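Undergrad: Next up is a structure, given as structure tokens.
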Amino acid sequence: MDDDENLPRAKNDPLAALIKQDLDPFSVDELEERISMLKSEITRCEKKKHFAVSHRASAEDLFKK
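Residue numbers (my numbering): 82 to 146.
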């Protein structure tokens with residue numbers, strides 16, 4: 082775990098701004114598009130996380146030898 086993982090997010094953090102955004106002005110189609118984009122971003126994050134975990138495990142195995 083990185084030391085900075087527990088630090089509060091910066092005030093200009095895009096994720097914090099996204100979470101606070103008012104959804105009332107969005108149409109159903111706009112909400113569907115937003116959901117689709119967020120699902121794509123979740124998939125991208127999961128792939129990155131999987132790569133990072135695999136990469137770290139490979140490095141740890143390498144240094145155990």
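No residue lacks a Cβ here, since even glycine has one placed at the ideal position from N, Cα and C.
Predicted, not measured: the structure shown is a model, and the values here were computed from it.
Between the C-alpha atoms of L143 and R125, what's the straight-line distance to the nearest angstrom?
TA: Distance between the alpha carbons of L143 and R125: 27 Å.
Undergrad: Whole angstroms are fine: how far does the CA of L112 sit from the CA of V134?
TA: Approximately 32 Å between the Cα atoms of the pair.
Undergrad: Going straight from the alpha carbon of L141 to that of I123, what length do you get?
TA: According to the sequence provided, residue 141 is Glu. The question's Leu does not apply to it. Taking the straight line joining both Cα atoms gives about 27 Å.
Undergrad: Would you decide whether M82 is buried or exposed? Buried here means 16 or more other CB atoms lie within 10 Å of its CB.
TA: Because M82 carries a pLDDT of 45, less than 50, the predicted location of this residue cannot be relied on, and no value is offered for it.
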